[in-house]
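> Numbering (our numbering), first residue to last: 118 to 476.
1) Note down the Cα distance separating residue 367 from residue 260, rounded to an integer number of angstroms.
2) Starting from residue 163, trace the alpha helix (DSSP H) both ways and give me its first and last residue.
3) Determine the closest residue to residue 143 out of 469, 450, 434, with distance taken between C-alpha atoms.
4) Exposed or buried, what is residue 310 when buried is set at 16 or more other beta-carbons lying within 10 Å of its beta-carbon?
5) Would you identify the three-state DSSP class for residue 290, choosing helix, strand or coil?
6) Mind checking residue 402: buried by the 16 CB within 10 Å criterion, or exposed?
7) Output yes or no for whether 9 Å exceeds the beta carbon distance between residue 345 and residue 467.
8) Look at the alpha carbon of residue 439 and the alpha carbon of residue 139, and state the distance between them as a whole number of angstroms.
9) According to DSSP, simplified to helix, strand and coil, what is residue 149?
10) Inspect the beta-carbon positions of residue 254 and residue 180 and report whether they are closer than 9 Å.
11) Just to confirm my understanding: we take residue 363, look at its own chain, exclude 5 residues before and 5 after, and list those with CB closer than 7 Å. What are they?
12) Is the number of C-beta pairs between the stretch 200 to 215 and the stretch 335 to 343 that are closer than 8 Å three or more?
13) I need the straight-line Cα distance from residue 191 to residue 141, nearest angstrom please.
14) Nearest by alpha-carbon distance to residue 263: which of 196, 170, 230 is it?
15) Is the Cβ-Cβ distance between residue 209 and residue 428 less than 9 Å?
16) Taking the CB atoms as reference points, tell me whether residue 308 and residue 454 lie closer together than 9 Å.
17) Kindly indicate which three-state DSSP category residue 276 falls into: helix, strand or coil?
18) Can you grab the Cα-Cα spacing for the pair residue 332 / residue 393, in whole Å?
19) Which residues in the same chain have their Cβ closer than 7 Å to the Cβ of residue 378, if we skip the five residues on either side of it in sequence?
20) Consult DSSP for residue 458 and reduce its assignment to one of helix, strand or coil.
21) For residue 408, which residues of its own chain have a beta-carbon under 6 Å away from its beta-carbon, when the five flanking residues on both sides are left out?
22) Kindly indicate which three-state DSSP category residue 262 falls into: helix, strand or coil?
23) Can you list, in chain order, the residues of its chain with a C-beta nearer than 6 Å to that of residue 474? Leave out the 5 residues immediately preceding and following it.
24) Look at the Cβ atom of residue 322, then the Cβ atom of residue 397, and state whether they are nearer than 9 Å.
25) So what's residue 215 in DSSP terms, helix, strand or just coil?
26) In terms of residues, what are the limits of the alpha helix (DSSP H) holding residue 196?
27) Please determine, among 213, 258, 404, the residue with the shortest C-alpha to C-alpha distance to residue 276.
28) Can the beta-carbon of residue 306 be found less than 9 Å from the beta-carbon of residue 229?
29) Since residue 196 contacts residue 175 with CB under 8 Å, what's their CB separation in whole angstroms?
30) Just verifying my parser: in three-state terms, what is the DSSP assignment at residue 203?
31) Grab me the residues of residue 470's own chain with a C-beta within less than 8 Å of its C-beta, minus the 5 sequence neighbours each way, in chain order.
32) Assuming residue 395 is part of the alpha helix (DSSP H), what are its boundary residues?
33) Cutting at 6 Å between CB atoms, please list the residues of its own chain near residue 360, excluding the five before and the five after it.
34) Measure the CB-CB distance between residue 194 and residue 127 and report whether it falls below 9 Å.
35) Whose C-beta lies closer than 7 Å to the C-beta of residue 443 among residues of the same chain, with five residues either side of it excluded?
36) Between residue 284 and residue 154, which are expected to be in contact by the criterion C-beta below 8 Å, what is the C-beta distance as a whole number of angstroms?
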């Protein structure tokens with residue numbers, strides 16, 4: 118994003134718009150996909166391929182030399198919009214193949230997503246003189262390749278139950294089931310914390326070094342490690358869920374991440390960098406370990422013919438919640454440099470735990 122700003126001579130404030138417009142595109146896409154039950158009415162692998170192709174086109178359009186700030190925003194929005202046919206649809210495909218062991222399957226899927234989320238931090242450390250255009254071309258090419266592999270080698274799963282027509286009452290119908298609401302609200306609480314934590318990992322490291330000037334961190338490399346380690350936690354959580362149950366592992370992970378929100382502010386005052394980094398690594402694991410498990414619970418408790426719609430609308434609401442928590446933390450940060458602002462992240466997990474306890 119910074120390279121785009123410099124190349125097209127955009128204002129400093131453009132960075133926040135370029136970041137948030139992608140999220141709004143994803144929210145708009147998931148909302149429309151959910152209302153129209155796209156993932157349930159059409160073959161998921163074909164939806165995935167089409168969205169991967171279109172997303173890649175709009176992503177690579179950013180290298181067009183005639184771009185303006187408005188056109189860049191439009192391309193970013195469209196990229197986010199078509200991501201609605203990638204992540205939720207990918208989970209739908211997994212759910213169509215795994216009636217049992219879905220938690221483990223989604224653990225691998227979400228784990229890969231987590232490592233991909235962390236990758237830009239690593240790129241800051243290693244890219245050197247790599248042109249920003251090359252990064253866009255490479256990522257767009259990989260998206261197209263993924264779509265081709267999906268449509269070529271992943272037919273409809275054995276547990277797929279297609280929906281035949283648009284059902285505008287689908288979303289209210291899905292939320293009528295108590296077990297579904299419990300899983301969905303648990304996921305919403307998890308999302309309140311997750312992306313805010315990821316967004317502010319570099320800031321947390323910088324805050325600690327400001328409070329302890331004798332400490333120096335390689336912030337890009339540590340940020341990558343703290344976020345990426347969560348990918349392995351997703352896989353581990355998936356295997357654990359097979360042994361002790363999906364809901365129990367999800368509840369435990371959410372409880373532990375909630376505890377991290379409450380403990381974190383007090384660790385900033387302790388001059389023990391190894392302890393602080395170890396804590397952030399642990400937080401990076403438990404903050405995401407429950408994500409594939411909540412998606413598993415959502416899929417298992419949705420009507421079979423509306424499974425894709427259920428996953429999509431829950432993603433839509435969850436990502437909308439992330440925008441609120443990130444903006445809230447960012448606003449509080451302008452008022453105070455105190456790490457106590459992290460306590461607000463505990464609100465989501467607490468409400469999520471209460472929702473899980475009701476069921």
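Even glycine gets a Cβ: it sits at the ideal position worked out from N, Cα and C.
Short version:
1) 30 Å
2) 161 to 177
3) 434
4) buried
5) helix
6) buried
7) no
8) 13 Å
9) helix
10) yes
11) 220, 410, 413, 414
12) no
13) 11 Å
14) 170
15) yes
16) no
17) coil
18) 11 Å
19) 310, 459, 460, 462, 463, 466
20) helix
21) 227
22) helix
23) none
24) yes
25) coil
26) 186 to 200
27) 213
28) no
29) 5 Å
30) coil
31) 303, 306, 368, 371, 372, 375
32) 390 to 406
33) none
34) no
35) 312, 313, 316
36) 6 Å
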